[in-house]
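Going by the working numbering, the first residue of the sequence shown is number 104, and it counts up by one from there.
Positions of the beta carbon are idealized from the N, C-alpha and C atoms, including for glycine.
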Amino acid sequence: AHPSDSAGSEFGVAWEALRNAARQVGPAAAAAEFDALFVSTGPSPVNPYAAHYLEPVGFPHVLATLRSDLAALGLGSRPDCTEPEDHIAVLFEVMRWLAAGESRTGLSGQRRFFDRYLRPWYSGFLARVRAAGPHPFYAAVADVVEAFLDIDAASFDLTDLYEEERSEEHTSELQSRLH
């Protein structure tokens, strides 16, 4: 299905807004927006690193924990890569890799990674992207990303509920067989 097939949904509305924003911005203007948001000689207006959001709320050593989790998946940085692994784009790439079935962790591995490294901070990060100033293209990108990740979060939550219900049904069935 094409994203525009869900017109009227939060994702469909965000997708259409992104399509419209993309029509109105050229490559140079999009690059200027990116630089204004994420590139700076000092602190950038929007920090794209998980540690910035997670360490202050009780998740110390995010980067070290992430590196350990990535190593357990058989992943790691190339020696020539200077970008820390907790950059949001890297986390999205790991989620893509997990969802594509390139690891043996299955849905539980995706959920675990999402819950640990994206769910706690993506909304705050995307709100900062939208609030950082007049950046219509990246504000629209933030809306699409948030709608997409909200769908992921809801899907994982539903999966949890289903598994919990199945577990309760299985327990009830076993108890009835024993009595």
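Contact annotation, residue 241 with residue 232: C-beta distance approximately 6 Å; criterion of less than 8 Å satisfied. Listed in chain order, the non-local C-beta contacts of residue 176 below 6 Å within the same chain comprise 206, local neighbours out to five positions each way being set aside.
By the beta-carbon neighbour count (other beta carbons within 10 angstroms, threshold 16), residue 213 is buried. Between the alpha carbons of residue 125 and residue 234 lies a distance of about 19 Å. In this structure, the beta-carbon distance from residue 153 to residue 194 falls below 8 Å. By the Cβ neighbour-count rule, residue 261 is exposed, with fewer than 16 other Cβ atoms within 10 Å of its own. In this chain, residue 150 is not harboured by any alpha helix (DSSP H), its DSSP state being neither H nor E. The beta carbons of residue 113 and residue 250 sit closer together than 8 Å. A residue is called buried when at least 16 other Cβ atoms come within 10 angstroms of its Cβ; residue 188 meets this threshold and is buried.
Annotation: residue 130 to residue 172 spans about 36 Å, alpha carbon to alpha carbon. The beta carbon of residue 222 sits closer than 7 Å to those of 256, all from its chain and outside the five residues before and after it, given in chain order. Look at the region 154-214 and you find these whole runs of alpha helix (DSSP H), each 4 residues long or longer: 165-175 and 191-202.
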